[in-house]
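Residue numbers (our numbering): 5 to 236.
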(Lines of atoms letter the chains of each structure in order from A and count residues from 1; the text may use other names and numbers.)
(Lines give C-alpha, C1' and ligand atoms only; values in the text may rest on other atoms or scores of the structure.)
Protein backbone atom coordinates (compact mmCIF):
# COMPACT_ATOMS: atom_id res chain seq x y z
CA UNK A 1 0.00 0.00 0.00
CA UNK A 2 2.90 2.29 0.33
CA UNK A 3 2.95 5.30 -1.94
CA UNK A 4 -0.77 5.25 -2.69
CA UNK A 5 -2.88 8.37 -2.78
CA UNK A 6 -5.23 7.06 -0.07
CA UNK A 7 -6.72 9.40 2.55
CA UNK A 8 -4.95 9.01 5.88
CA UNK A 9 -8.19 7.98 7.57
CA UNK A 10 -8.40 4.88 5.36
CA UNK A 11 -4.95 3.48 6.15
CA UNK A 12 -5.71 -0.07 7.28
CA UNK A 13 -3.80 -3.08 8.55
CA UNK A 14 -5.34 -6.39 7.57
CA UNK A 15 -2.64 -8.23 5.61
CA UNK A 16 1.17 -8.26 5.31
CA UNK A 17 1.30 -5.88 2.35
CA UNK A 18 -0.35 -3.21 4.54
CA UNK A 19 2.28 -3.27 7.29
CA UNK A 20 4.83 -0.78 5.96
CA UNK A 21 2.40 2.06 5.29
CA UNK A 22 0.36 1.38 8.44
CA UNK A 23 3.43 1.40 10.69
CA UNK A 24 4.77 4.60 9.10
CA UNK A 25 1.36 6.19 9.56
CA UNK A 26 1.26 5.12 13.21
CA UNK A 27 4.75 6.48 13.87
CA UNK A 28 3.70 9.78 12.32
CA UNK A 29 0.68 10.00 14.60
CA UNK A 30 2.89 9.12 17.58
CA UNK A 31 5.30 11.92 16.69
CA UNK A 32 2.40 14.37 16.38
CA UNK A 33 1.25 13.34 19.85
CA UNK A 34 4.77 13.55 21.39
CA UNK A 35 4.86 9.82 22.27
CA UNK A 36 7.15 8.47 19.55
CA UNK A 37 9.61 6.87 22.01
CA UNK A 38 6.76 4.76 23.42
CA UNK A 39 5.62 3.56 19.96
CA UNK A 40 8.81 3.16 17.91
CA UNK A 41 9.74 -0.54 18.07
CA UNK A 42 13.43 0.34 17.79
CA UNK A 43 13.35 2.12 21.15
CA UNK A 44 13.08 0.38 24.55
CA UNK A 45 10.64 2.72 26.31
CA UNK A 46 7.34 1.22 27.51
CA UNK A 47 4.63 3.54 28.76
CA UNK A 48 3.33 0.91 31.20
CA UNK A 49 6.70 1.06 32.97
CA UNK A 50 6.42 4.81 33.45
CA UNK A 51 5.08 5.62 36.91
CA UNK A 52 2.73 8.53 37.42
CA UNK A 53 4.27 11.31 39.53
CA UNK A 54 3.21 11.12 43.16
CA UNK A 55 1.69 14.18 44.74
CA UNK A 56 3.82 15.39 47.67
CA UNK A 57 2.25 15.03 51.09
CA UNK A 58 1.68 17.95 53.43
CA UNK A 59 4.56 18.44 55.84
CA UNK A 60 4.00 16.91 59.27
CA UNK A 61 5.31 20.06 60.89
CA UNK A 62 4.43 23.38 59.28
CA UNK A 63 7.48 25.59 59.47
CA UNK A 64 8.72 28.22 57.06
CA UNK A 65 11.37 25.80 55.78
CA UNK A 66 9.05 22.78 55.38
CA UNK A 67 6.36 24.89 53.70
CA UNK A 68 8.87 26.36 51.26
CA UNK A 69 10.10 22.86 50.42
CA UNK A 70 6.51 21.64 50.06
CA UNK A 71 5.63 24.52 47.72
CA UNK A 72 8.65 23.75 45.55
CA UNK A 73 7.84 20.02 45.49
CA UNK A 74 4.18 20.73 44.71
CA UNK A 75 5.08 23.05 41.84
CA UNK A 76 7.44 20.43 40.43
CA UNK A 77 4.73 17.78 40.79
CA UNK A 78 2.23 19.92 38.86
CA UNK A 79 4.71 20.21 35.99
CA UNK A 80 5.57 16.50 35.97
CA UNK A 81 1.92 15.47 36.32
CA UNK A 82 0.94 17.66 33.36
CA UNK A 83 3.71 16.06 31.30
CA UNK A 84 2.56 12.59 32.32
CA UNK A 85 -1.07 13.34 31.45
CA UNK A 86 0.01 14.66 28.06
CA UNK A 87 1.84 11.39 27.40
CA UNK A 88 -1.14 9.39 28.68
CA UNK A 89 -3.49 11.24 26.33
CA UNK A 90 -1.11 10.68 23.41
CA UNK A 91 -0.88 6.96 24.13
CA UNK A 92 -4.68 6.77 24.37
CA UNK A 93 -4.96 8.34 20.92
CA UNK A 94 -2.55 5.77 19.46
CA UNK A 95 -4.48 2.95 21.14
CA UNK A 96 -7.67 4.33 19.61
CA UNK A 97 -5.93 4.54 16.22
CA UNK A 98 -5.01 0.86 16.46
CA UNK A 99 -8.60 -0.13 17.25
CA UNK A 100 -9.88 1.94 14.32
CA UNK A 101 -7.41 0.81 11.68
CA UNK A 102 -6.42 -2.80 12.43
CA UNK A 103 -8.62 -5.62 11.21
CA UNK A 104 -10.60 -7.18 14.07
CA UNK A 105 -9.47 -10.65 13.02
CA UNK A 106 -5.89 -9.60 13.73
CA UNK A 107 -6.62 -7.77 16.98
CA UNK A 108 -8.22 -10.84 18.54
CA UNK A 109 -4.95 -12.70 18.01
CA UNK A 110 -3.05 -10.31 20.28
CA UNK A 111 -2.52 -12.14 23.62
CA UNK A 112 -4.70 -10.86 26.48
CA UNK A 113 -1.68 -10.28 28.69
CA UNK A 114 -0.23 -7.77 26.21
CA UNK A 115 -1.33 -4.38 27.54
CA UNK A 116 1.33 -1.89 26.49
CA UNK A 117 0.62 -0.20 23.17
CA UNK A 118 4.14 -0.84 21.89
CA UNK A 119 3.82 -4.53 22.73
CA UNK A 120 0.48 -4.67 20.91
CA UNK A 121 2.20 -3.22 17.84
CA UNK A 122 5.07 -5.69 18.25
CA UNK A 123 2.58 -8.56 18.37
CA UNK A 124 0.96 -7.27 15.18
CA UNK A 125 4.39 -7.01 13.55
CA UNK A 126 5.20 -10.62 14.41
CA UNK A 127 2.11 -11.66 12.46
CA UNK A 128 1.85 -9.09 9.70
CA UNK A 129 5.32 -7.74 8.92
CA UNK A 130 6.59 -9.97 6.10
CA UNK A 131 10.17 -10.85 5.35
CA UNK A 132 11.41 -9.69 1.95
CA UNK A 133 10.88 -13.15 0.45
CA UNK A 134 7.38 -13.42 1.96
CA UNK A 135 6.44 -9.99 0.62
CA UNK A 136 7.76 -10.83 -2.83
CA UNK A 137 5.81 -14.09 -2.80
CA UNK A 138 2.63 -12.27 -1.74
CA UNK A 139 3.00 -9.72 -4.55
CA UNK A 140 3.61 -12.45 -7.14
CA UNK A 141 0.54 -14.37 -5.99
CA UNK A 142 -1.68 -11.28 -6.12
CA UNK A 143 -0.30 -10.38 -9.54
CA UNK A 144 -1.09 -13.82 -10.93
CA UNK A 145 -4.63 -13.50 -9.57
CA UNK A 146 -5.04 -10.11 -11.27
CA UNK A 147 -4.07 -11.63 -14.62
CA UNK A 148 -7.45 -13.39 -14.62
CA UNK A 149 -10.43 -11.15 -15.40
CA UNK A 150 -13.17 -11.23 -12.75
CA UNK A 151 -16.90 -11.52 -13.11
CA UNK A 152 -18.60 -8.35 -14.28
CA UNK A 153 -19.62 -6.93 -10.92
CA UNK A 154 -16.08 -7.22 -9.58
CA UNK A 155 -14.41 -5.33 -12.40
CA UNK A 156 -14.04 -1.94 -10.68
CA UNK A 157 -12.36 -3.45 -7.62
CA UNK A 158 -10.15 -5.51 -9.93
CA UNK A 159 -9.07 -2.39 -11.84
CA UNK A 160 -8.33 -0.62 -8.56
CA UNK A 161 -6.10 -3.51 -7.53
CA UNK A 162 -4.24 -3.21 -10.83
CA UNK A 163 -3.63 0.47 -10.03
CA UNK A 164 -2.04 -0.49 -6.70
CA UNK A 165 0.05 -3.49 -7.73
CA UNK A 166 2.60 -1.36 -9.60
CA UNK A 167 3.86 0.26 -6.39
CA UNK A 168 3.84 -3.08 -4.58
CA UNK A 169 6.04 -4.58 -7.30
CA UNK A 170 8.48 -1.67 -6.95
CA UNK A 171 8.61 -1.99 -3.16
CA UNK A 172 9.18 -5.74 -3.46
CA UNK A 173 12.09 -4.98 -5.83
CA UNK A 174 10.81 -7.36 -8.52
CA UNK A 175 10.04 -4.82 -11.25
CA UNK A 176 11.85 -6.73 -14.00
CA UNK A 177 9.76 -9.86 -13.59
CA UNK A 178 6.50 -8.62 -15.10
CA UNK A 179 5.21 -6.85 -18.20
CA UNK A 180 2.47 -4.85 -16.51
CA UNK A 181 0.90 -3.25 -19.55
CA UNK A 182 0.80 -6.35 -21.74
CA UNK A 183 -0.45 -8.59 -18.91
CA UNK A 184 -3.11 -6.01 -18.05
CA UNK A 185 -4.24 -5.79 -21.66
CA UNK A 186 -4.28 -9.57 -22.07
CA UNK A 187 -6.47 -9.86 -18.97
CA UNK A 188 -8.88 -7.28 -20.42
CA UNK A 189 -9.35 -9.30 -23.61
CA UNK A 190 -12.03 -11.24 -21.75
CA UNK A 191 -13.96 -8.01 -21.08
CA UNK A 192 -13.48 -5.95 -24.25
CA UNK A 193 -11.22 -7.71 -26.72
CA UNK A 194 -11.35 -5.03 -29.43
CA UNK A 195 -10.33 -2.19 -27.14
CA UNK A 196 -7.62 -4.26 -25.45
CA UNK A 197 -6.18 -5.38 -28.80
CA UNK A 198 -6.10 -1.81 -30.11
CA UNK A 199 -4.19 -0.68 -27.04
CA UNK A 200 -1.86 -3.68 -27.28
CA UNK A 201 -0.81 -2.59 -30.78
CA UNK A 202 0.00 0.91 -29.53
CA UNK A 203 1.93 -0.39 -26.52
CA UNK A 204 3.95 -2.84 -28.62
CA UNK A 205 4.88 -0.04 -31.03
CA UNK A 206 5.90 2.27 -28.20
CA UNK A 207 5.96 0.93 -24.65
CA UNK A 208 6.19 4.49 -23.31
CA UNK A 209 3.08 5.70 -25.14
CA UNK A 210 1.17 5.88 -21.83
CA UNK A 211 1.93 5.33 -18.15
CA UNK A 212 0.47 2.24 -16.53
CA UNK A 213 -1.68 4.30 -14.16
CA UNK A 214 -3.16 6.27 -17.06
CA UNK A 215 -3.74 3.05 -18.99
CA UNK A 216 -5.80 1.61 -16.14
CA UNK A 217 -7.72 4.87 -15.80
CA UNK A 218 -8.41 4.86 -19.54
CA UNK A 219 -10.02 1.43 -19.27
CA UNK A 220 -12.09 2.60 -16.31
CA UNK A 221 -13.38 5.46 -18.43
CA UNK A 222 -14.07 3.16 -21.38
CA UNK A 223 -15.99 0.70 -19.22
CA UNK A 224 -18.08 3.51 -17.77
CA UNK A 225 -18.97 4.63 -21.29
CA UNK A 226 -20.02 1.07 -22.08
CA UNK A 227 -22.08 0.76 -18.91
CA UNK A 228 -19.87 -1.98 -17.49
CA UNK A 229 -18.96 0.34 -14.60
CA UNK A 230 -21.29 2.82 -12.98
CA UNK A 231 -20.86 6.42 -14.07
CA UNK A 232 -19.76 8.86 -11.39
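Note that the Cβ used here is the ideal one computed from N, Cα and C, for glycine as well.
Within 10 angstroms of the Cβ of residue 4, are there 16 or more other Cβ atoms? Answer buried if so, exposed if not. An answer regarding residue 4 cannot be provided, because it is not within the stretch 5 to 236 covered by the chain.
Would residue 159 and residue 227 be called neighbours here (beta carbons separated by less than 9 Å)? A contact, by the Cβ cut-off of 9 Å.
Near residue 138, which residues of its chain fall below 7 Å by C-beta distance, leaving aside the five closest residues on each side in sequence? Taken in chain order, the residues that qualify are 20.
Grouping DSSP H, G and I as helix and E and B as strand, with all else coil, what is residue 112? The answer is coil: DSSP assigns residue 112 none of H, G, I, E or B.
Give the secondary structure of residue 238 by DSSP, where H, G and I count as helix, E and B as strand, and everything else as coil. Residue 238 lies beyond the range of the chain shown here (5 to 236); nothing can be said about it.
Reference residue 146, options 207, 171, 127, closest by Cα: Ranking the options by Cα distance to residue 146, first place goes to 171.
What are the boundary residues of the alpha helix (DSSP H) that residue 70 is part of? Residues 68-105.
Taking 8 Å as the limit between beta carbons, can you name the residues of its chain near residue 217, skipping five residues before and five after? Excluding positions up to five away in sequence, the list reads 167, 170.
What's the C-alpha gap between residue 153 and residue 177? Inter-residue distance for residue 153 and residue 177 is about 25 Å (C-alpha atoms, whole angstroms).
Would the segment 91-101 count as touching the segment 42-53 if we require 3 or more Cβ pairs under 8 Å? The answer is yes - the segment 42-53 touches the segment 91-101, with three or more Cβ pairs under 8 Å.
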